[in-house]
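Note sheet for the following structure.
In the numbering used here, the protein residues as written are 17 to 180.
Structure, rendered in structure tokens:
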């Protein structure tokens, strides 16, 4: 018998490029920035990491297996649609998400003023109370590609169980 509680861990990273009118999608919210994400889909690292975490909790592969970056159907795709597709998978039916914790790692943009909107949007996408959703932001202290403003990343962890 499988354990009642399952934990999943996810990670994603995407390159950034300069853009005078950039918007970076994070947890379903468009955040103004001097950069834009280079990605096959919309490049929402927070939602991609969350999808990976949910898939991981079910031992159901990873985001790239379900939505390959060489499949034209997903070019420019809104990552909230990817999340909805993950939640609709047979392995995810009957699950109850207890909480989600997402850590966005970026030198830019600064996210303090956007975290509440991200938390609200994520709670809507998951049909959770905002108290079950945590959004944190960290810089990378000018270390590696993230610290040099060449990339943005996210980590996600999810606790879930089978519904009654």
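Virtual Cβ for every residue (Gly too), placed ideally from N, Cα, C.
In this text, all values refer to a predicted model and were calculated from it rather than measured experimentally.
Item                                                                                                                               : Value
So, under 8 Å CB-CB, residue 148 and residue 26 are touching, yes? Tell me the CB distance rounded to an integer number of Å.      : Actually they are not in contact, since the Cβ atoms of residue 148 and residue 26 sit about 17 Å apart, beyond 8 Å.
Where does residue 184 fall in DSSP's three states?                                                                                : Residue 184 is absent from the structure shown; the chain starts at 17 and stops at 180.
What is the rounded straight-line gap between the Cα of residue 159 and the Cα of residue 130?                                     : 24 Å
Using the three-state DSSP reduction, which class does residue 112 fall into: helix, strand or coil?                               : strand
Does residue 97 come out as helix, strand or coil in the three-state DSSP assignment?                                              : helix
Would you identify the three-state DSSP class for residue 84, choosing helix, strand or coil?                                      : coil
Does the beta-carbon of residue 21 have 16 or more other beta-carbons within 10 angstroms, so that it is buried, or is it exposed? : exposed
With 16 as the cutoff for other CB atoms within 10 Å, does residue 68 come out buried or exposed?                                  : buried
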